[in-house]
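Enquirer: In this note's numbering, the protein residues as written are 3 to 566. Here it is, the structure in full.
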Amino acid sequence: MTGQFSNSNCRTITLASSLAYSLAFSLLLPAVTYSEESTAYPGDIPLFAETAESAGINHRYEGPWEYFVGGGVAAFDCNGDYKPDLFFAGGENTASLYVNHSATAGELTFVKKEDYVIAPQTAVTGAYPLDIDNDGHMDLAILRVGKNRLLRGNGDCTFDHAYGPFKLDTNSSWTTAFSARFDPSKPHPDLVFGNYVDRVAPGSPWGTCDDHDLYQPTDNEQQLYADPLKLSPGHCALSLLFTDWNRSGRPSLRVTNDRQYHRGGEEQLWHFDAGAQPRLYTKREGWQKVVIWGMGIAAADLNADGFPEYALTSMGDTKLQQLELDTFEENGWPQYSDIAYENGATAHRPYTGTDLKPSTGWHAEFDDVNNDGLLDLFIAKGNVEQMPDFASNDPDNLLLGKHGGGFHEAGLESGIALPTRGRGGAVVDLNLDGALDLVVVNRSSNVSVFRNHGALYKNRTRKPGNWLQIKLHQHGINRNAIGAKLSVKSGNTTRIRTLQVGGGHASGESGFVHVGLGVAERASIRVQWPDGQWSAAYRAFANNFLIIERNATDPKYWYPEDSQ
């Protein structure tokens with residue numbers, strides 16, 4: 003993602019020509035047999051086929067006990083063609099970058115880039131893409147067992163290793179989580195690296211937890227970041243997420259912790275107030291202690307009320323937290339109710355097979371994988387190693403949203419119930435056909451790449467529902483508008499998306515924001531930019547890629563080259 007829009011395939015067009023394009027684009031969908039019905043209905047099950055090997059991807063995340071956790075993937079455009087490329091953590095193996103050569107709506111094809119950086123990236127647990135220096139090229143924050151790194155993107159799928167201004171003053175931590183936010187008063191984003199067990203403390207490896215490292219930007223372009231500020235206490239975090247939980251416009255930092263028993267450990271929420279040092283929310287401020295084996299975080303506004311819900315994966319049941327609005331409106335407190343059980347989202351044990359022991363959830367992500375207009379929840383699952391009290395055959399979950407609320411499990415029917423041990427993941431449209439694919443990093447086996455082949459409804463296959471994919475752009479600092487919110491309305495339904503860096507488990511994404519529309523053929527889009535300013539309403543026909551530049555009168559439509 004370059005942030006530049008001189009591409010000849012990007013232009014402002016009329017609604018009529020947009021409709022003509024979307025009809026032509028639909029002809030590029032996979033060659034499966036469709037029913038006479040051509041729109042998505044409640045109950046559509048997406049059909050996935052595992053295609054990693056045929057796509058040219060052969061990568062394993064493995065290693066000794068320090069790599070039981072981690073195992074992430076970064077999905078982002080490293081060369082400006084808007085196709086998502088994939089950077090995989092390797093553990094004791096070298097991390098790998100696979101460049102996307104897939105034809106639009108065609109078979110997935112990736113080519114491994116051997117020379118993406120001058121020095122091999124080893125001991126990598128995860129990676130997150132973001133444009134740190136505002137040059138329009140995506141950079142990478144690399145999580146490691148050892149010194150963490152920032153790789154500066156050059157826009158051609160190569161990166162500067164340990165480039166001067168990007169050097170971090172870092173110790174040899176065991177890092178398993180990351181999040182970033184843009185403060186409008188600063189030239190570059192705040193970065194937080196979440197650390198796991200303290201590798202040098204007495205009682206290591208299991209006796210203590212490390213604190214986290216907050217890097218705040220300087221005004222010195224020769225050294226972008228000052229020495230880190232420690233966020234303490236740490237309770238062995240496995241996921242971090244900057245999130246505007248209270249609609250204040252200033253994100254707070256949520257932390258989900260594995261070592262709940264360490265020094266009174268619990269889930270955490272940190273204040274990041276203007277001009278003040280970060281501090282934890284306390285019981286006096288309404289924060290309620292939650293003690294779980296926290297693994298991953300996913301946030302989404304499921305009911306479009308402006309307040310995000312949070313999925314927290316764990317060893318055992320998944321939590322689905324919803325803000326208690328009455329308490330919030332009265333006191334401003336961050337008190338949450340767990341609504342997972344009544345919404346069918348606990349995912350507490352395998353949904354297929356004979357193993358009824360508790361599940362182990364890792365990466366979590368909300369998105370609309372069947373384009374029916376409802377958010378779904380994907381969870382990567384897998385035993386830590388050989389823990390006898392937890393399920394050994396623990397397939398990934400695909401919880402499909404239901405009209406009227408809640409979720410139902412469709413992992414088996416959709417074709418993703420493999421006997422692998424998932425860790426990180428991504429829900430991303432790899433071949434730009436409007437249908438989201440799944441990428442999962444597995445421990446000690448090849449990654450899984452599930453191509454979305456359409457939908458199954460009443461035992462018949464057909465095209466998935468309608469969709470839009472939207473990219474935001476603004477000039478200067480925070481070019482990709484991290485922290486912005488998208489409001490997409492069709493009929494009486496409003497769907498909210500927030501642009502964030504963090505969450506999941508050791509895995510991050512950047513690129514077009516996907517919105518399923520169901521049967522709707524057009525939508526109205528508004529953007530709340532990171533500073534709180536709202537855009538005008540933009541009208542668009544479904545099944546299109548849109549690029550919205552701040553203060554633009556009309557959006558730009560981008561056409562994948564293969565569709566011309």
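For every residue, glycine included, the Cβ atom is placed at its ideal position computed from N, Cα and C.
Give me the residue from L145, G406, D369 with the minimum Cα distance to E344.
Expert: Position 342 of the sequence shown, counted from the first residue, corresponds to residue 344. Checked all of L145, G406, D369; the closest Cα to E344 is G406.
Enquirer: Identify every run of the beta strand (DSSP E) within the stretch 251-282, keeping only runs that are complete inside it and at least 3 residues long; order them along the chain.
Expert: DSSP runs (the beta strand (DSSP E)) wholly in the stretch 251-282: 254-259, 270-273.
Enquirer: From the DSSP output, in three-state form, read off V34 for me.
Expert: Position 32 of the sequence shown, counting from 1, holds the residue named residue 34. Any reading at V34 is ruled out, since the residue's pLDDT is 34, under 50, leaving its predicted position unreliable.
Enquirer: So does the stretch 476-486 actually touch the stretch 437-446, counting three or more Cβ pairs closer than 8 Å?
Expert: No: the two stretches stay apart, fewer than three of their Cβ pairs being nearer than 8 Å.
Enquirer: Whose C-alpha, out of N553, Y540, V430, is nearest the C-alpha of F514?
Expert: Sequence index remark: in the sequence shown, residue 514 carries index 512 (1-based). When only C-alpha atoms are compared, the closest one is V430.
Enquirer: Output needed for G58: all residues of its chain with C-beta closer than 8 Å, excluding positions within five of it in sequence on either side, in chain order.
Expert: Reading the sequence shown from its first residue, position 56 is the one you call residue 58. The answer, listed in chain order, is Y100, T111, F112, V113, K114.
Enquirer: Taking 6 Å as the limit between beta carbons, can you name the residues of its chain near Y23, skipping five residues before and five after?
Expert: Against the sequence shown, residue 23 aligns to sequence position 21. Low local confidence applies: a pLDDT of 41 at Y23 is under 50, so the model's placement there is unreliable, with the coordinate-based value given in what follows. Correct list: empty, nothing qualifies.
Enquirer: Identify which residue in A428, R453, Y561, K473 has its Cα closest to the Cα of L88.
Expert: As a first step, residue 88 is located in the sequence shown; it is residue number 86 there, counting from the start. Minimum Cα distance to L88 is reached at A428.
Enquirer: Among A182, D229, P397, G375, which one has its Cα closest to the Cα of H516?
Expert: Counting from one through the sequence shown, the residue named residue 516 turns up at place 514. With distances taken between Cα atoms, H516 lies closest to G375.
Enquirer: Could you tell me which of A554, S537, S492, A539 sits nearest to A525, measuring between CA atoms?
Expert: Here residue 525 corresponds to residue number 523 of the sequence shown, with the count starting at 1. Comparing Cα-Cα distances from A525 to each of A554, S537, S492, A539, the minimum goes to S492.
Enquirer: Mark I120 as exposed unless 16 or more other C-beta atoms lie within 10 angstroms of its C-beta, in which case mark it buried.
Expert: As a working mapping, residue 120 is identified with position 118 in the sequence shown. By the 10 Å Cβ count, I120 comes out exposed.
Enquirer: Using three-state DSSP, classify T496 as helix, strand or coil.
Expert: On the sequence shown, position 494 is the one that residue 496 refers to. Looking at T496 - three-state DSSP - the assignment turns out to be strand.
Enquirer: Leaving aside the five residues before and after T500 along the sequence, list all residues of the same chain whose C-beta is less than 6 Å from its C-beta, in chain order.
Expert: Numbered from 1 along the sequence shown, position 498 holds the residue referred to as residue 500. Excluding sequence neighbours, T500 sits near K487.
Enquirer: Beta-carbon within less than 7 Å of D171's beta-carbon, same chain only, minus the 5 sequence neighbours each way: which residues are those?
Expert: Position 169 of the sequence shown, counting from 1, holds the residue named residue 171. Within the same chain, D171 has close Cβ partners D229, P230.
Enquirer: Which same chain residues, not among the five before or five after D275, have their C-beta less than 8 Å away from its C-beta?
Expert: For this step, residue 275 is matched to residue 273 along the sequence shown. Only R252 meet the Cβ criterion.
Enquirer: Which residue wins for smallest C-alpha separation from T96, given the options A342, G108, D357, V147?
Expert: On the sequence shown, residue 96 is found 94 positions in, with the first residue counted as 1. Among A342, G108, D357, V147, the Cα nearest to that of T96 is on V147.
Enquirer: Is there at least one non-hydrogen atom of the ligand SAH closer than 6 Å to the beta-carbon of A412?
Expert: The ligand SAH is not among the ligands present in this structure, which contains no ligands whatsoever.
Enquirer: Report the three-state DSSP secondary structure of I116 (helix, strand or coil).
Expert: Counted from its first residue, the sequence shown places residue 116 at position 114. Before going further, note that residue 116 is Glu rather than Ile in the sequence given. Reduced to three states, the DSSP call for E116 is coil.
Enquirer: Between the C-alpha atoms of G277 and R183, what's the straight-line distance to the nearest angstrom?
Expert: Within the sequence shown, the letter at position 275 stands for residue 277. Within the sequence shown, the letter at position 181 stands for residue 183. The alpha-carbon atoms of G277 and R183 are separated by roughly 15 Å.
Enquirer: Who are the near neighbours of P352 in its chain, counting only those whose CB is closer than 7 Å to its CB and skipping five residues on each side?
Expert: Position 350 of the sequence shown, counting from 1, holds the residue named residue 352. Cβ within range, chain order: S361, A393, N395, D396, P397.
Enquirer: Out of curiosity, what's the CA-to-CA distance linking F330 and F78?
Expert: Within the sequence shown, residue 330 is the residue found at index 328, counting from 1. Within the sequence shown, residue 78 is the residue found at index 76, counting from 1. Going by the C-alpha atoms only, they are around 36 Å apart.
Enquirer: Going by C-alpha to C-alpha distance, which of Q224, L226, H237 sits closest to T210?
Expert: Stepping through the sequence shown from its first residue, residue 210 is reached at position 208. Closest option to T210, Cα to Cα, is H237.
Enquirer: Identify the continuous alpha helix (DSSP H) that holds D328 and give its terminal residues.
Expert: The residue labelled residue 328 in the question sits at position 326 within the sequence shown. It spans 327-333 - the alpha helix (DSSP H) in which D328 sits, taken as one unbroken run.
Enquirer: Of all the options V194, Q123, H190, D213, which has the alpha carbon lying nearest to the alpha carbon of R201?
Expert: Here the question's residue 201 lines up with position 199 in the sequence shown. Of the candidates V194, Q123, H190, D213, the one whose C-alpha sits nearest the C-alpha of R201 is D213.
Enquirer: Going by C-alpha distance, which of G424, W247, G65 is nearest A302?
Expert: By 1-based counting over the sequence shown, the position of residue 302 is 300. Answer by Cα proximity: W247.
Enquirer: For G308, decide whether its Cβ has a neighbour in chain D, counting only Cβ atoms nearer than 7 Å.
Expert: You won't find chain D in this structure, because it holds only one protein chain.
Enquirer: Among residues of its own chain, excluding the 5 on either side of D158, which ones have a beta-carbon nearer than 6 Å to its beta-carbon?
Expert: Looking up residue 158 in the sequence shown gives position 156. Answer for D158: N81, listed in chain order.
Enquirer: In this structure, does DSSP put G413 in helix, strand or coil?
Expert: Position 411 of the sequence shown holds residue 413. DSSP places G413 in helix when its eight states are reduced to three.
Enquirer: What would DSSP say about R425, mapped onto helix, strand or coil?
Expert: The sequence position of residue 425 within the sequence shown is 423, counting from 1. Looking at R425 - three-state DSSP - the assignment turns out to be strand.
Enquirer: Starting from H365 and walking both ways along the beta strand (DSSP E), at which residues does that stretch end?
Expert: On the sequence shown, residue 365 is found 363 positions in, with the first residue counted as 1. Segment 363-369, the beta strand (DSSP E) holding H365.
Enquirer: Could you give the first and the last residue of the continuous beta strand (DSSP E) run that contains W176?
Expert: Counting from one through the sequence shown, the residue named residue 176 turns up at place 174. Residues 175-183.
Enquirer: Starting from P48, trace the beta strand (DSSP E) in both directions and tell me its first and last residue.
Expert: To locate residue 48, count along the sequence shown from 1; it is residue 46. Its beta strand (DSSP E) spans residues 47-52.
Enquirer: Here's the rule I'm using: 16 or more other beta-carbon atoms within 10 Å means buried, otherwise exposed. How should S187 be labelled?
Expert: Locating residue 187 in the sequence shown gives position 185, counting from the first residue. Exposed.
Enquirer: CA-CA distance, I418 and F50?
Expert: The sequence position of residue 418 within the sequence shown is 416, counting from 1. The sequence position of residue 50 within the sequence shown is 48, counting from 1. Taking the straight line from one Cα to the other gives about 7 Å.
Enquirer: What is the residue span of the beta strand (DSSP E) that T127 lies within?
Expert: Mapped onto the sequence shown, residue 127 falls at position 125. Where T127 is concerned, the enclosing beta strand (DSSP E) stretches over 126-132.
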